[in-house]
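> My structure is below; once you've seen it, I'll send some questions.
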Amino acid sequence: SPGSGDRETKTFDNAEQPGFGKSLTSGKEKLQNAVERFQQAGIKNYSNWPTIPQVYLNGEFVGGCDILLQMHQNGDLVEELKKLGIRSALLDAEKDQDKK
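In the UniProt record's numbering, the protein residues as written are 1 to 100.
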């Protein structure tokens, strides 16, 4: 099917587990992997953003790692977090040092 070539299939070595336990573990791992792939595809479609992880602030999509890094570097991240009532412990510590 189109697009199926880009999916990664993972296998697990359960040789150390006997019979029924081995089957349960293998089935559980396969199900977890399938759910994870489904969730990743869903979040990518929801935000129309191709990469994971994705960051949302107050329910609004901000971007991925590259966007967050850029926001951190130019100071925008701290400002956005302040709007949500989230303080930076690092900045608070720096201010305390400056007072001394």
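Cβ atoms here follow ideal geometry from the backbone N, Cα and C, with glycine treated the same way.
Looking at the secondary structure, which residues open and close the beta strand (DSSP E) in which L57 lies?
Against the sequence shown, residue 57 aligns to sequence position 57. Note, L57: beta strand (DSSP E), 55-57.
> For G42, which of helix, strand or coil comes out of DSSP?
Residue 42 sits at position 42 when you count from the first residue of the sequence shown. Helix at G42.
> Quick check on the burial criterion: 16 or more other C-beta atoms within 10 angstroms. Buried or exposed for S1?
Position 1 of the sequence shown, counted from the start, is the residue given in the question as residue 1. Legend: pLDDT at S1 = 42, less than 50; position of this residue unreliable, value from coordinates given subsequently. Exposed, since its Cβ has fewer than 16 Cβ neighbours within 10 Å.
> Taking the C-alpha atoms as reference points, what is the distance between A47 and F61?
Taking the first residue of the sequence shown as 1, we reach residue 47 at position 47. Taking the first residue of the sequence shown as 1, we reach residue 61 at position 61. Per the sequence shown, the amino acid found at residue 47 is Ser instead of Ala. Straight-line Cα distance between these residues: approximately 7 Å.
> Please classify L84 as buried or exposed, where buried requires at least 16 other C-beta atoms within 10 Å of its C-beta.
In the sequence shown, residue 84 corresponds to position 84, counting from 1. Label assigned to L84: exposed.
> Using the beta-carbon count (16 or more within 10 Å), is L31 buried or exposed?
Residue numbering aside, residue 31 sits at position 31 when the sequence shown is read from its first letter. By the Cβ-count criterion, L31 is exposed, with fewer than 16 other Cβ atoms from all chains shown falling within 10 Å of its own Cβ.
> Beta-carbon within less than 8 Å of L91's beta-carbon, same chain only, minus the 5 sequence neighbours each way: which residues are those?
Reading the sequence shown from its first residue, position 91 is the one you call residue 91. Here the set comprises V78.
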